[in-house]
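Student: Quick note, the sequence shown lines up with residues 5 to 102 if you use my numbering.
Built from N, CA and C at the ideal position, the CB exists for glycine as well.
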Amino acid sequence: LPAHKAPGPDGFTAEFIKACWPMVRQDFADVFQQLYDMRGRGFARLNQALLALLPKRADAASFGDYRPISLIHLVAKVFAKLLSLRLDPKLDRLVSDN
């Protein structure tokens, strides 16, 4: 996960998780196991984002002067990354060229 990113609704940053990994590793494993057992139905709770508007310049006055970013739960980011790494070798068989 990229470092130096703003936290999402859960308040956790990648730096925090990396620094505390020995303490939170089992918690992540438990959450992922619950998501698996529930066939992903619990993911809706993690699929929330905070929308923030960052000014592109100091004198921002209109909507076009802002850049929107969405901040998502770190657990959701880790889960999505894990899924993408596991699916990547199988995508050619799962998705057609059309």
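Do you know whose CA, among 69, 72, 98, 36, lies nearest residue 79's CA?
Tutor: 36
Student: Mind checking who residue 71 pairs with in its DSSP beta bridge?
Tutor: As computed with DSSP, residue 71 is found in a beta bridge with 58.
Student: For residue 56, which residues in the same chain have their Cβ closer than 6 Å to its Cβ, ignoring the five residues on either side in sequence?
Tutor: In chain order, 73 place their CB closer than 6 Å to the CB of residue 56, counting only its own chain and leaving out the 5 sequence neighbours on each side.
Student: Classify residue 91 as buried or exposed, calling it buried when 16 or more other Cβ atoms lie within 10 Å of its own Cβ.
Tutor: exposed
Student: Provide the residue span of the alpha helix (DSSP H) that contains residue 90, from first to last.
Tutor: 78-91
Student: Does the segment 7-16 come into contact with the segment 44-58, if we say contact requires no fewer than three beta-carbon pairs (one atom in each stretch) closer than 8 Å?
Tutor: Touching, yes.
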